[in-house]
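Colleague: After the structure tokens below, expect a handful of questions from me.
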DNA sequence: TTCAAGATGTTGGAATTCCAACATCGCTGT
DNA sequence: ACAGCGATGTTGGAATTCCAACATCTTGAA
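Protein chains in written order, with my numbering: chain A, 1 to 225; chain B, 226 to 450.
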């Protein structure tokens, strides 16, 4: 554990816990390090979850099986991200599976331990704050993508995504964090069709783009029409 | 406030707080009742959020405007649900707007107040537990829909949704909580096209359905082929 | 500078979905 | 039983998207 104290203390979750309090806190949380080799299954769907995992190193594939046994990718979880946080808090059974995509390390800990009524140290409160922030952050992130996918056409998905990017950068001109392939995957559409739609949008005067740089155009401000 | 104490105490959030502690707790949270008439805008995008809202009565439309000023519906929030919980916790600015769809009542309160390091009563811990559970529950709900929308075809969206319904009911035969119109809206596809796709799936031996009742069929167990 | 590989744009036919219009079904009230 | 209305299924043409194949552009390495 001590080998990873620094890494743990760098995570968003534990960053604000005073360094001297960290080790006793981890103790209180009944925490435990686990190591996974590439390809190793870390969590299987159907198990009741008690602990939350904090990924200290590595990457995990989060996926599910449908009724007919087909596998579907849900998310890719990287270092610093949490794992099973929702099920641990709500005391529910996961429907997801998690597999290490490379050599990885997870810190498992019992977040409910910190909510015990009789234990109320400063560090506990700090951790709870950080943990709640993580839950809220994830919620907002899911809402964001959901509102992009909740459209009937590629065009509308693109406009939804780009609108929010403009808002996020507080400018009508910005760089997006995806290349075309990643953007298509994010929007769940086919890459070349999306490319074509971007060209159509540019021709229609909605935007200008080159690589991952975009400039959105208001109808009245369009350079040409 | 006293008129609504019972309603507040019935909510998932405050249910577990001892009845005698409720009023002082609400006081501590700097809480406040607000009344909205049908059509009244409750929250406008762009404001930094401090308080969380608990809907005591009524319904709110949660929506956003895109870069070109077009309005898009995001969610419908009903009695007992929270409002701005994510932005309040993470201290971020909302990009959403909220409008009362009927005569409504919201209890606004400062959830961060409860995380103050010097205040650690039993009721606080209980509230924090409930609040975190709500965040986690919402997260799981968003993940669920996201994985349904994250497909390229109506067929796959349907199979994804139905798979999880089967899992939820722990049976290959179940009733879904939607009629066709609602299901189409949930999956962001066109109703009649979805209906046609359901017929095709039935013909292909994936399922049997009548109204909101479904039975999923494994290839090897299909009654015919 | 040149080359190779990856990223992006374009194209055409197949497949899917949208959309409107209409048929049928099923439930409810009379 | 019957009328009426909303829910559901079906259909055909228009529009969109998928998909594969290929052209062009960019970037990094040699």
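No residue lacks a Cβ here, since even glycine has one placed at the ideal position from N, Cα and C.
#1: Residues of chain B with a CB under 9 Å from the CB of residue 68(A): which are they?
#2: Is residue 176(A) near the ligand NAD, in the sense that its beta carbon is under 8 Å from a heavy atom of that ligand?
#3: First and last residue of the beta strand (DSSP E) that includes residue 132(A)?
#4: Apply the 10 Å Cβ neighbour rule to residue 255(B) and answer buried if 16 or more other Cβ atoms are within range, or exposed otherwise.
#5: Confirm, please, whether the CB-CB distance from residue 98(A) to residue 159(A) is below 9 Å.
#6: Going along the chain, which residues of the segment 385-419 of chain B sit with their C-beta nearer than 8 Å to a C-beta in chain A?
#7: In whole angstroms, what separates the C-alpha of residue 261(B) from that of residue 249(B)?
#8: For the beta strand (DSSP E) that residue 34(A) lies in, which residues bound it at each end?
#9: Sorted by chain position, which residues of the same chain lie with C-beta nearer than 7 Å to residue 47(A)'s C-beta, five sequence neighbours on each side aside?
#10: Rounded to whole angstroms, what's the CA-CA distance from residue 351(B) to residue 52(A)? Just pull it up for me.
#11: Taking one C-beta from the segment 384-397 of chain B and one from the segment 163-174 of chain A each time, how about it: are there three or more such pairs within less than 8 Å?
#12: Please state whether DSSP places residue 321(B) in a helix, a strand or coil.
#13: Can you check whether the C-beta of residue 252(A) is within less than 9 Å of a C-beta belonging to chain B?
#14: Indicate whether the contact test is met: 3 or more Cβ pairs, each with one atom in the segment 403-414 of chain B and one in the segment 362-381 of chain B, closer than 8 Å.
#15: Mind pulling the alpha helix (DSSP H) runs of 4 or more residues that sit fully within the segment 240-306 of chain B?
#16: Counting only the same chain and skipping the five closest in sequence on each side, list residues whose C-beta sits under 8 Å from that of residue 57(A).
#17: What does residue 227(A) pair with, by DSSP beta-bridge criteria?
#18: For chain A, find out if any of its Cβ atoms is closer than 9 Å to the Cβ of residue 297(B); answer yes or no.
#19: In or out: residue 108(A) buried (at least 16 other Cβ within 10 Å) or exposed?
#20: Distance, Cα to Cα, residue 437(B) vs residue 425(B)?
#21: Looking only at C-alpha atoms, which of 259(B), 409(B) and 440(B) sits nearest to residue 419(B)?
#22: Who pairs with residue 434(B) in a beta bridge, going by DSSP?
#23: Who are the near neighbours of residue 41(A) in its chain, counting only those whose CB is closer than 6 Å to its CB and skipping five residues on each side?
#24: Tell me, which residues are paired with residue 8(A) by DSSP?
#25: Shortest alpha-carbon distance to residue 269(B) belongs to which of 239(B), 286(B), 339(B) and 406(B)?
#26: What is the C-beta distance between residue 134(A) and residue 82(A), in whole angstroms, given that I count them as a contact (C-beta under 8 Å)?
#27: Taking Cβ positions only, does residue 375(B) come closer than 9 Å to chain A?
#28: By the DSSP assignment, the alpha helix (DSSP H) with residue 314(B) in it spans what residues?
#29: Nearest-angstrom Cα distance between residue 444(B) and residue 433(B)?
#30: Going by DSSP in three states, residue 388(B) sits in which element: helix, strand or coil?
#31: Tell me whether residue 13(A) sits in a helix, a strand or coil according to DSSP, three-state version.
#32: Determine, using beta carbons only, whether residue 422(B) comes closer than 9 Å to chain A.
#33: Of all Cβ atoms in chain B, is any one closer than 9 Å to the Cβ of residue 61(A)?
Modeller: The relevant details are as follows:
#1: If you number the first chain from 1, residue 68(A) lands on position 68. The contacting residues are 384, 388, 431, 441, 443 and 444.
#2: Judged by which ligands are present, the structure shown has none, so any question about the ligand NAD falls away.
#3: Numbered from its first residue, the first chain carries residue 132(A) at position 132. Element bounds for residue 132(A): not the beta strand (DSSP E) but the alpha helix (DSSP H), 122-149.
#4: Here the question's residue 255(B) lines up with position 30 in the second chain. Residue 255(B) should be labelled exposed.
#5: Residue 159(A) sits at position 159 when you count from the first residue of the first chain. Residue 98(A) sits at position 98 when you count from the first residue of the first chain. Not a contact, by the Cβ cut-off of 9 Å.
#6: 385, 387, 388, 389, 391, 392, 397, 413, 414 and 415
#7: Taking the first residue of the second chain as position 1, residue 261(B) is located at position 36. Taking the first residue of the second chain as position 1, residue 249(B) is located at position 24. Using only the alpha carbons, I get a separation of about 25 Å.
#8: If you number the first chain from 1, residue 34(A) lands on position 34. Run containing residue 34(A): 32-36, per the beta strand (DSSP E) assignment.
#9: Position 47 of the first chain, counted from the first residue, corresponds to residue 47(A). Once the five neighbours on either side are set aside, the close Cβ partners of residue 47(A) are 93 and 94.
#10: Position 126 of the second chain, counted from the first residue, corresponds to residue 351(B). Position 52 of the first chain, counted from the first residue, corresponds to residue 52(A). Between residue 351(B) and residue 52(A), the C-alpha separation is close to 20 Å.
#11: no
#12: By one-based count along the second chain, residue 321(B) stands at place 96. Coil, per DSSP.
#13: Nothing in the structure corresponds to residue 252(A), since chain A is present only between 1 and 225.
#14: Verdict: yes, contact present.
#15: Listed in chain order, the complete alpha helix (DSSP H) runs (minimum 4 residues) inside the segment 240-306 of chain B are 244-253.
#16: Along the first chain, one-based indexing puts residue 57(A) at 57. Setting aside the 5 residues that flank it on each side, residue 57(A) is surrounded in the same chain by 7, 79, 103, 104 and 105, each with a C-beta closer than 8 Å to its C-beta; the list follows chain order.
#17: This structure does not reach residue 227(A), given that chain A is present from 1 up to 225, and the question cannot be answered.
#18: Here residue 297(B) refers to the residue found at position 72 of the second chain. Cβ-Cβ to chain A under 9 Å: yes for residue 297(B).
#19: For the purposes of this step, residue 108(A) is identified with residue 108 of the first chain, where counting begins at 1. So residue 108(A) counts as buried.
#20: Mapped onto the second chain, residue 437(B) falls at position 212. Mapped onto the second chain, residue 425(B) falls at position 200. Near 17 Å, if we compare the C-alpha coordinates of residue 425(B) and residue 437(B).
#21: Residue 419(B) sits at position 194 when you count from the first residue of the second chain. Here the closest residue by C-alpha is 409(B).
#22: Locating residue 434(B) in the second chain gives position 209, where the first residue counts as 1. DSSP, once it has assigned bridges, lists 439(B) as partnering residue 434(B).
#23: In the first chain, counting from the first residue as 1, residue 41(A) sits at position 41. Cβ neighbours of residue 41(A) beyond the five flanking positions: 99.
#24: Locating residue 8(A) in the first chain gives position 8, where the first residue counts as 1. None, per the DSSP bridge assignment.
#25: Position 44 of the second chain, counted from the first residue, corresponds to residue 269(B). Check the Cα spacing between residue 269(B) and each of 239(B), 286(B), 339(B) and 406(B): the tightest is with 286(B).
#26: Locating residue 134(A) in the first chain gives position 134, where the first residue counts as 1. Locating residue 82(A) in the first chain gives position 82, where the first residue counts as 1. Between residue 82(A) and residue 134(A) the Cβ distance is about 6 Å, and since that is below 8 Å, they are a contact.
#27: Within the second chain, numbered from 1, the residue matching residue 375(B) stands at position 150. Yes, its Cβ sits closer than 9 Å to a Cβ of chain A.
#28: In the second chain, the residue the question calls residue 314(B) occupies position 89. Element bounds for residue 314(B): 310-315.
#29: By one-based count along the second chain, residue 444(B) stands at place 219. By one-based count along the second chain, residue 433(B) stands at place 208. The straight-line gap from Cα to Cα measures roughly 13 Å.
#30: For this step, residue 388(B) is matched to residue 163 along the second chain. DSSP places residue 388(B) in helix when its eight states are reduced to three.
#31: Here residue 13(A) refers to the residue found at position 13 when the first chain is read from its first residue. In the structure shown, residue 13(A) sits in coil (DSSP, three-state: anything other than H, G, I, E or B).
#32: On the second chain, residue 422(B) is found 197 positions in, with the first residue counted as 1. Residue 422(B) is outside the set of residues whose beta carbon lies under 9 Å from a beta carbon in chain A.
#33: Against the first chain, residue 61(A) aligns to sequence position 61. No, residue 61(A) lies away from the interface with chain B (no Cβ there is under 9 Å from its Cβ).
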